Structures are given as C-alpha cells and as structure tokens.
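Note sheet for the following structure.
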Amino acid sequence: MMGDKEIKRKGNSYPDRVKEDKVTYEDYASLDDGNRYELANGVLELMSPGPSVPHQIISAEILKRMADTCDADYLILSAPVDLILSAVEVRQPDLMMIHRSRLGIVSHRGVEGPPNLVVEILSPSTLRRDKLDKSRSYAQYGIPEYWIVDPALGALERYELNGEAYLLSEIFTSEMTVHSNHIPCVSFTMGAILSRVPDLSN
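For the sequence shown, the positions run 1080 to 1281 when the numbering used here is used.
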C-alpha cells in the first residue's frame, strides 16, 4: 500500500501531477478518493474533469464506425478502461482496438499489454499529455499504431511505430477516408464523424 500522501491544491483545483514516491498498479487500483488518475512511470497524474459532450460524441461515433466494419476481427473498447502497460504505467486511452487473436491480454482489470491501436481525442487540457507524454509512453511499450483526433481542426493524425518512436503517416480531414495499413477494416471520414456533433455554442 502507498504511504501517506499529500495532494496540494492550487486555488480550488488539484494540480495535474501528484508528487509522491513511486506508485504501482496495486496502489493505483486501491485509490478511492473520487478522482481519476493515470499512472506514468510510477507517478500519479490527475486527469481533468469529465470529457466534454462533443468529445464524448466524437468518441462514440468513431467507435460506432469501427464496430460497423471491424467488430468481427477486433475488440473495441472505450474509456474508462485501464491500459496496464507495466506495474508503474497505466493509461486510459479514449479508444482501443485489440485483435481477437490477442484477447489473452484482456482481463477483468483491463487491457494488460499493448493493444493494436490506441486513440486519443484532444481537448485544450490534454493536448500536451496526448501529443507528447502519451506518445512516448505508447511507443515505449510497443503499441504499433496511435491516432490523435483534433476536433478543433477536424483532423485525425495517424502515427505508426518506427523503432522506438512514432512517425506521422497521414493526416485525414473532411471527406478523406481514414484507413490503416495495420487495420485494413477501418473506413470512415472525419466529415461524417463531425457532422454528428451538434452546435452547443448557445
């Protein structure tokens, strides 16, 4: 179990990162303070408040289209599900795809090993974490493909693992059909996804 820890507030909000001794998955799983965390190299990182409505709609619409064409071959999971990459690295991607030949990495606890694909949907509060920190983490643990969806630009960036880092393979916008060399069943457009997001400016 973890020793006592102190979480200092900045004004009325928690900091993004909780400073303490190295934490393991067992410590992380035992937390019950009402907050959501990820575990990055043994450091608890406080996640931002619940995703926005547009974020959730985009996630659901991508999942729906993945299921339409890929469900026979892949298990498709949406957050919050723990991706347990090691005893000190636990992430919660927005979406994951695991080929059904690899379902041995799926347990009651979560996904315990690298899925075939992880997807993160950007928001202003997660931009640095998704584009830098998580990119390094997912590459380090050998996840072959990483998508970053940018709702503000209406774009999906597809990254492929090349050695120990990701290379940007393609950027899909508007009516360009999203496709993947690793996951050939994928086929949808960002235009179709974004058309399902209502105008919530009022």
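A virtual CB, placed ideally from N, CA and C, is assigned to each residue, including glycine. Computed from a prediction, not measured in an experiment: that's the story for all the values here.
Query raised in the report: To which residues does DSSP link Y1077 through a beta bridge?
Result: Within the shown structure, residues of the chain are numbered from 1080 to 1281, placing residue 1077 beyond reach of any answer.
**Report entry** Proximity test, Cβ basis, 7 Å: E1117 and chain B
**Finding:** As a matter of chain content, chain B is missing from the structure shown, which is built from one protein chain.
Query - C-beta contact flag for H1178 and Y1217 at 7 Å - result: Numbered from 1 along the sequence shown, position 99 holds the residue referred to as residue 1178. Numbered from 1 along the sequence shown, position 138 holds the residue referred to as residue 1217. No, these two residues do not count as a Cβ contact at 7 Å.
Query raised in the report: N1114 to S1259, Cα distance in whole Å?
Result: Within the sequence shown, the letter at position 35 stands for residue 1114. Within the sequence shown, the letter at position 180 stands for residue 1259. Cα atoms of N1114 and S1259: separation of roughly 35 Å, rounded to the nearest angstrom.
Report task. If I'm right that I1136 touches V1276 with Cβ under 8 Å, what's the distance once you round it to whole angstroms? Result -> Numbered from its first residue, the sequence shown carries residue 1136 at position 57. Numbered from its first residue, the sequence shown carries residue 1276 at position 197. The pair is a contact, with the Cβ atoms about 5 Å apart (cut-off 8 Å).
Query raised in the report: How big is the Cα-Cα spacing for S1253 and V1102?
Result: Here residue 1253 refers to the residue found at position 174 of the sequence shown. Here residue 1102 refers to the residue found at position 23 of the sequence shown. One alpha carbon belongs to S1253, the other to V1102, and they sit about 42 Å apart.
Report task. Can you give me the start and stop residues for the alpha helix (DSSP H) that D1229 sits inside? Result -> Along the sequence shown, read from residue 1 onward, the residue named residue 1229 stands at position 150. Under the DSSP assignment, D1229 falls outside any alpha helix (DSSP H), being part of the beta strand (DSSP E) whose first and last residues are 1224-1229.
Query raised in the report: Is Y1225 closer than 7 Å to V1257 when the C-beta atoms are compared?
Result: Here residue 1257 refers to the residue found at position 178 of the sequence shown. Here residue 1225 refers to the residue found at position 146 of the sequence shown. For V1257 and Y1225, no; Cβs fall outside 7 Å.
Query raised in the report: Do the segment 1114-1129 and the segment 1229-1237 meet, that is, are 3 or more Cβ pairs less than 8 Å apart?
Result: No, the segment 1114-1129 is not in contact with the segment 1229-1237.
Query raised in the report: Where DSSP assigns a beta bridge to V1160, which residues make up the other side?
Result: Translated into the one-based positions of the sequence shown, residue 1160 becomes position 81. Paired residue(s): none; V1160 is not in a bridge.
Query - Own chain partners of D1173 with C-beta closer than 6 Å, once the 5 adjacent residues on each side are dropped - result: Numbered from its first residue, the sequence shown carries residue 1173 at position 94. If we look at D1173 and ignore the five residues flanking it on each side, its Cβ neighbours are S1138, A1158, V1198, E1199, I1200.
Query - Own chain residues within Cβ distance below 7 Å of I1272, not counting five before or after - result: The count along the sequence shown starts at 1 and reaches residue 1272 at position 193. Excluding sequence neighbours, I1272 sits near I1137, E1140, I1141.
Query raised in the report: DSSP three-state call for E1105: helix, strand or coil?
Result: Residue 1105 sits at position 26 when you count from the first residue of the sequence shown. The three-state secondary structure of E1105, taken from DSSP, is helix.
Requested in this report: Have a look at F1267, S1280, P1128, R1188 and flag the residue whose alpha-carbon is nearest the alpha-carbon of R1147.
Outcome: In the sequence shown, residue 1147 corresponds to position 68, counting from 1. According to the sequence displayed, residue 1147 carries Asp and not Arg. The candidate whose alpha carbon is nearest that of D1147 is F1267.
**Report entry** S1214 - containing alpha helix (DSSP H), residue span
**Finding:** Indexing the sequence shown from 1 puts residue 1214 at position 135. S1214 -> alpha helix (DSSP H) spans 1213-1219.
Requested in this report: If I'm right that L1162 touches G1189 with Cβ under 8 Å, what's the distance once you round it to whole angstroms?
Outcome: Walking along the sequence shown from the start, residue 1162 turns up at place 83. Walking along the sequence shown from the start, residue 1189 turns up at place 110. Contact holds; Cβ gap of about 6 Å.
Report task. Let me know the secondary structure DSSP gives E1140 once reduced to three states. Result -> For the purposes of this step, residue 1140 is identified with residue 61 of the sequence shown, where counting begins at 1. Residue state, collapsed to three classes: helix.
Query - Same chain, Cβ closer than 7 Å to K1143, neighbours up to 5 away in sequence not counted - result: Within the sequence shown, the letter at position 64 stands for residue 1143. Here the set comprises nothing.
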